[in-house]
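J.: Provided herewith is a single structure, encoded as structure tokens, for subsequent inquiry.
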Amino acid sequence: MESIKILTLRKCLIHGTIPKYIGDMKKLKNLDLSFNSLTGEIPTSFGKLVKADFIYLSGNMLTGNIPRWILERNKNVDISYNNFTWENSSPTECPRGSVNLVESYSSATNNNRIQPCLKKNFSCAAPSGQHRYSLHINCGGPETMTSGNIEYEADVEARGASMFYLNQHWAFSSTGNFMDNDMDSDIYTLKNHSAISNITLVDYKLYTTARVSPLSLTYYGLCLLNGNYTVKLHFSEIVYTYDNTFSSLGKRVFDIYIQGKLVLKDFNIEEAAGGPSKPVIKNFIAVVESNNLVIHFYWAGKGTTGIPDRGFYGPLISAITVDPNFEPPIPKNPDKKTHTTLVIGVSTPTLFLILLTIGILWRRRILRRKNSMDRADLRGIDLQMGSFTLRQIKAATKNFDAANKLGEGGFGSVYKGLLSDGTVIAVKQLSSKSKQGSREFVNEVGMISALQHPNLVKLYGCCVEANQLLLIYEYMENNCLSRALFGKDPSCRVKLDWATRYKICLGIARGLAFLHEESKLKIVHRDIKTSNVLLDKDLNAKISDFGLAKLSDDVNTHISTRIAGTIGYMAPEYAMRGCLTAKADVYSFGVVTLEIVSGKSNTNYMPEEFVYLLDWAYVLQERGNLLEMIDPNLGSEYSTEQAMMMLNVALLCTKAAPTLRPSMSQVVSMLEGRTAVQDLLADPGFSAIDSRMKAIRDHFWQDPNRSHSTSTTGPYSISTSSTNVDI
1 MESIKILTLR KCLIHGTIPK YIGDMKKLKN LDLSFNSLTG EIPTSFGKLV
51 KADFIYLSGN MLTGNIPRWI LERNKNVDIS YNNFTWENSS PTECPRGSVN
101 LVESYSSATN NNRIQPCLKK NFSCAAPSGQ HRYSLHINCG GPETMTSGNI
151 EYEADVEARG ASMFYLNQHW AFSSTGNFMD NDMDSDIYTL KNHSAISNIT
201 LVDYKLYTTA RVSPLSLTYY GLCLLNGNYT VKLHFSEIVY TYDNTFSSLG
251 KRVFDIYIQG KLVLKDFNIE EAAGGPSKPV IKNFIAVVES NNLVIHFYWA
301 GKGTTGIPDR GFYGPLISAI TVDPNFEPPI PKNPDKKTHT TLVIGVSTPT
351 LFLILLTIGI LWRRRILRRK NSMDRADLRG IDLQMGSFTL RQIKAATKNF
401 DAANKLGEGG FGSVYKGLLS DGTVIAVKQL SSKSKQGSRE FVNEVGMISA
451 LQHPNLVKLY GCCVEANQLL LIYEYMENNC LSRALFGKDP SCRVKLDWAT
501 RYKICLGIAR GLAFLHEESK LKIVHRDIKT SNVLLDKDLN AKISDFGLAK
551 LSDDVNTHIS TRIAGTIGYM APEYAMRGCL TAKADVYSFG VVTLEIVSGK
601 SNTNYMPEEF VYLLDWAYVL QERGNLLEMI DPNLGSEYST EQAMMMLNVA
651 LLCTKAAPTL RPSMSQVVSM LEGRTAVQDL LADPGFSAID SRMKAIRDHF
701 WQDPNRSHST STTGPYSIST SSTNVDI
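The sequence shown begins at 1 in the UniProt record's numbering and counts up by one.
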């Protein structure tokens with residue numbers, strides 16, 4: 001190993017102490033052992049690595065004193081986010097130099113040297129009139145004025161490695177050196193002159209500049225009035241823009257903390273904005289209690305680093321907006337002192353009555369809000385997402401105007417809204433009086449807030465205020481798949497050609513594959529149906545409504561649970577015995593696929609000889625006339641081969657025995673043509689099983705003595721004749 005020049009073992013789950021022999025690798029130029037679980041001290045042999053240009057040891061659990069040779073060398077060493085102690089170093093000394101030592105959320109030691117710097121250089125013991133109640137920063141760019149006549153302060157400090165910069169009312173600290181990049185300056189503020197879409201000309205400048213950091217970037221709002229604030233973080237991916245150069249390719253992933261709390265994990269600007277050079281704003285509520293606000297961006301070793309010239313892979317921020325959720329105090333005017341005294345003297349009795357009335361109303365409102373939040377269902381919710389006020393939502397929906405109503409489901413209505421920043425939203429209003437409504441609210445927040453995928457609907461945030469339970473989604477221009485295929489009003493239907501139907505089917509499959517196999521939380525949706533599939537302006541499918549979703553345990557592969565779902569889409573083993581696995585979603589997907597191909601509703605298609613659309617499919621399959629299911633509205637404008645493939649996949653997914661159904665990753669592979677569809681339908685053994693299960697299933701659904709109660713429908717759905725059960 002003596003000949004090795006580059007040794008990269010980043011985020012490899014390595015633990016234990018660092019081997020001493022690494023210090024004997026005299027030809028080593030780059031060493032990266034970051035984001036592991038290394039303990040102990042830095043070996044003394046590392047002092048012999050005189051030829052090493054970069055040494056990265058950040059994100060471990062190393063202890064002991066920082067070796068003197070690190071503090072004396074001129075080359076880049078990153079030892080931040082460890083548990084070191086300080087040798088011969090004043091606790092109030094501010095960080096300087098090329099060695100990255102500052103900031104840590106993972107360490108309780110004096111690794112974090114920013115707070116002493118704030119106390120040393122800036123005092124918030126100022127008169128109340130000097131406190132700020134807003135903050136606007138154009139990160140990485142000059143001073144600029146936006147369309148709302150809001151002035152954004154300049155942020156043009158070019159340095160960034162182990163840097164602490166103090167402005168009058170805000171500061172930032174930056175940690176880290178970009179790998180294999182020998183430039184010393186002008187790499188932490190970025191400019192891009194390519195077109196930024198979906199933005200006004202005046203606000204354009206906010207998104208053409210940005211500040212970037214290899215590892216850690218923290219902004220401090222100083223001397224703010226205590227209270228609740230809305231924090232808007234403005235992003236646009238202006239580095240990885242997918243042009244014709246190799247250096248434009250890459251994936252940026254980082255974490256975001258506000259006031260020390262993780263609010264976004266593995267955030268990807270491009271995915272959130274829907275592409276490069278597009279703006280996206282993330283809204284959060286922050287509580288300022290000690291006059292300071294801390295916004296922290298942290299690269300945890302994920303994403304792309306191996307890109308030349310423009311490998312700026314760490315956290316990137318375009319602008320920061322901080323506005324109060326309270327009425328700012330009116331500054332005193334000394335020239336009007338006598339007049340003010342006179343007015344107060346005359347109006348004291350009236351003012352007293354007004355304040356007394358306001359106090360009583362405020363107390364009642366607080367008590368009502370407390371009572372509404374103290375319900376057992378909602379107690380203990382940890383909202384890892386944006387939080388909206390009821391006033392914001394009422395303004396966005398014009399006080400829930402009927403003209404903005406998109407649909408109505410079992411637990412309330414859905415309204416279209418427009419936020420003050422121009423974002424179009426869909427607001428799902430759940431009934432706060434319903435026990436099931438509260439349960440669905442908690443479940444939806446807990447499930448979907450942790451998920452990010454192109455085929456899952458985005459949940460921007462929620463509102464829990466007074467007697468309101470509101471979920472705020474991204475707005476989907478084409479409503480739900482149910483209305484597009486078989487809405488009662490023909491004018492509301494969308495003409496879906498064959499290519500679009502195939503794309504929708506594949507999108508649903510990819511979303512389910514992510515839920516079942518790819519996400520950190522393995523989830524069974526339990527209510528896959530056309531009304532729970534939403535369509536955006538480009539008719540891309542997005543799965544919605546996670547009110548009935550269940551976490552899937554890898555150990556307990558068969559969950560016995562309370563039955564809840566929609567008749568006609570529920571797998572037989574789940575409907576009859578409460579046996580829940582991911583294969584229940586596979587069954588529902590098969591039914592939805594038949595509906596997409598045929599243009600007919602599974603629950604509404606009831607000619608004399610058939611109970612469900614699925615029954616008709618089985619009969620046509622037995623007769624060898626499966627293509628008769630194709631929607632006649634398509635005419636001959638479809639691929640026969642692709643249609644047969646989709647129909648066979650649907651029949652595989654609706655096998656009565658769950659073990660005979662494919663996984664959703666196998667379904668995606670078959671739909672994409674990477675795997676041939678296995679011809680299991682002709683197997684006599686399978687046919688016999690299907691016949692027995694089909695007879696039991698039909699008996700179950702047609703039993704008039706079985707009770708039903710409404711469960712849930714999709715966030716955009718219009719009520720149909722399909723029945724939901726909650727047994």
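The C-beta atom is built at its ideal place from N, Cα and C for all residues, glycine as well.
Between the alpha carbons of leucine 634 and leucine 594, how many angstroms are there, rounded?
T.: Distance between the alpha carbons of leucine 634 and leucine 594 is about 15 Å.
J.: Give a yes or no on contact between the stretch 10–18 and the stretch 28–40, applying the rule of three or more CB pairs nearer than 8 Å.
T.: In short, these stretches touch, since the Cβ pair count reaches three.
J.: Output needed for serine 519: all residues of its chain with C-beta closer than 7 Å, excluding positions within five of it in sequence on either side, in chain order.
T.: So the list reads Leu451, once near-sequence residues are dropped.
J.: As a quick exercise: from Gly64, Arg68 and Asp78, pick the residue whose alpha carbon is nearest that of threonine 85.
T.: Checked all of Gly64, Arg68 and Asp78; the closest Cα to threonine 85 is Gly64.
J.: If contact is defined by three or more beta carbon pairs under 8 Å, each pair taking one atom from either stretch, is the stretch 311–322 in contact with the stretch 139–157?
T.: Touching, per the Cβ criterion.
J.: Classify tyrosine 188 as helix, strand or coil using the three-state DSSP reduction.
T.: Correct three-state label for tyrosine 188: coil.
J.: Using a 10 Å radius around the Cβ and a threshold of 16 neighbouring Cβ atoms, would you call threonine 304 buried or exposed?
T.: So threonine 304 counts as exposed.
J.: Just how far apart, CA to CA, sit arginine 211 and lysine 20?
T.: Arginine 211 and lysine 20: Cα-Cα distance of roughly 38 Å.
J.: If we ignore side chains and look at the alpha-carbon of each, how far apart do alanine 300 and tyrosine 415 end up?
T.: Roughly 38 Å between the two C-alpha positions.
J.: If you measure from the CB of alanine 650, is any heavy atom of the ligand SAM nearer than 7 Å?
T.: Absent from the structure shown: the ligand SAM. Ligands present: none.
J.: Please classify asparagine 404: does DSSP put it in a helix, a strand, or coil?
T.: Looking at asparagine 404 - three-state DSSP - the assignment turns out to be helix.
J.: Taking the alpha-carbon of glutamate 474 as reference, which of Asn625, Thr189 and Pro454 has the nearest alpha-carbon?
T.: Nearest option by C-alpha distance: Pro454.
J.: Using a Cβ-Cβ cutoff of less than 6 Å, which residues in the same chain neighbour glutamate 237 once the five nearest sequence positions on both sides are dropped?
T.: Once the five neighbours on either side are set aside, the close Cβ partners of glutamate 237 are Ile269, Glu270 and Pro276.
J.: According to DSSP, simplified to helix, strand and coil, what is lysine 265?
T.: Here lysine 265 sits in strand by DSSP.
J.: Among residues of its own chain, excluding the 5 on either side of isoleucine 137, which ones have a beta-carbon nearer than 6 Å to its beta-carbon?
T.: Contacts found: Glu153, Asp155 and Ile320.
J.: My output table needs one value for asparagine 648: the three-state DSSP class, helix, strand or coil.
T.: In this structure, asparagine 648 counts as helix in the three-state DSSP scheme.
J.: Assuming leucine 456 contacts isoleucine 596 (C-beta within less than 8 Å), just tell me the rounded distance between them.
T.: Not quite, the Cβ-Cβ distance comes to about 18 Å (not below 8 Å), so this is no contact.
J.: Between the C-alpha atoms of glycine 97 and isoleucine 70, what's the straight-line distance to the nearest angstrom?
T.: The pLDDT assigned to glycine 97 is 37, lower than 50, so where the model puts this residue is not dependable, and the model offers no usable value.
J.: For the beta strand (DSSP E) that contains isoleucine 320, what are its first and last residues?
T.: Unbroken beta strand (DSSP E) run through isoleucine 320: 319–324.
J.: Considering Cα atoms alone, identify which of Val294, Phe235 and Pro214 is closest to lysine 205.
T.: Among Val294, Phe235 and Pro214, the Cα nearest to that of lysine 205 is on Phe235.
J.: Does DSSP put tryptophan 170 in a helix, a strand or coil?
T.: Here tryptophan 170 sits in strand by DSSP.
J.: Assess, as a yes-or-no matter, whether the stretch 218–231 is touched by the stretch 160–178 under the definition of 3 or more beta carbon pairs within less than 8 Å.
T.: The stretch 160–178, when compared against the stretch 218–231, does touch it at the 8 Å Cβ threshold.
J.: So residue 755 packs on leucine 470, CB below 8 Å; how close in whole Å?
T.: Any property of residue 755 remains undetermined from this structure, which presents the chain solely from 1 to 727.
J.: Looking at the structure shown, is methionine 163 part of a helix, part of a strand, or coil, going by DSSP?
T.: Here methionine 163 sits in strand by DSSP.
J.: Drop a sphere of 10 angstroms on the beta-carbon of aspartate 401, count the other beta-carbons inside from all chains shown, and report buried for 16 or more, exposed for fewer.
T.: Flag for aspartate 401 reads exposed.
J.: Kindly identify the DSSP beta-bridge partner or partners of isoleucine 472.
T.: Bridge partners of isoleucine 472: Val427 and Gly461.
J.: Using only the alpha-carbon positions, how far apart do alanine 52 and tyrosine 165 sit?
T.: Their Cα atoms are separated by approximately 28 Å.
J.: Taking the CB atoms as reference points, tell me whether tyrosine 612 and glycine 568 lie closer together than 8 Å.
T.: Cβ atoms of tyrosine 612 and glycine 568: closer than 8 Å.
J.: Does lysine 27 pass the burial test, meaning 16 or more other C-beta atoms within 10 Å, or should it be called exposed?
T.: The residue in question, lysine 27, is exposed, as its Cβ has fewer than 16 Cβ neighbours within 10 Å.
J.: For glycine 412, count neighbouring C-beta atoms within 10 Å of its own C-beta (all shown protein chains included) and say buried if the count is 16 or more, exposed if not.
T.: Per the 10 Å Cβ criterion, buried.
J.: Any idea what DSSP makes of threonine 39, helix, strand or coil?
T.: Correct three-state label for threonine 39: strand.
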